[in-house]
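Beneath this line is the structure, given in structure tokens, with notes to follow.
Residue numbers (my numbering): 416 to 527.
Given below as structure tokens:
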């Protein structure tokens with residue numbers, strides 16, 4: 416069973432996602448989080464903008480940022496936090512998933 420707040424988004428990630436939506440010209444759009452098969456460890460994270468939610472999507476609201484996750488992905492993302500990291504040579508969104516048992520060196524895929 417999935418709890419109401421199965422996915423968390425940090426304030427920094429909310430800020431950066433809202434900036435990207437505004438730059439895109441669609442501040443009312445949704446942020447879709449998901450998982451697909453692939454990558455060297457079995458699964459890859461998905462983060463993309465969506466103009467509408469699916470009929471079975473779970474919707475989360477973080478300070479006005481609407482985040483949607485499909486039911487299949489939610490099984491793998493339950494307990495995950497989406498963060499935004501700034502490092503010396505790179506910056507971007509990062510999934511922190513307690514279910515992640517293995518990961519590849521590039522950080523793009525994971526296994527459970």
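Beta carbons are placed, not taken as given, at the ideal position from N, Cα and C, and that holds for glycine.
Bridge partner(s) assigned by DSSP for residue i
i: residue 451; result: 459
i: residue 441; result: Paired residues: none, contrary to the question.
i: residue 500; result: 507
i: residue 489; result: Per DSSP, none; premise fails for residue 489.
i: residue 495; result: 422
Selected residue, minimal CA-CA separation from residue i, among the options
i: residue 436; options: 421, 466, 452, 460; result: 466
i: residue 497; options: 504, 440, 446; result: 446
i: residue 486; options: 476, 425, 469; result: 469
Classification of residue i by the beta-carbon crowding that lies within 10 angstroms, buried from 16 upward
i: residue 479; result: exposed
i: residue 513; result: exposed
i: residue 441; result: exposed
i: residue 492; result: buried
i: residue 489; result: buried
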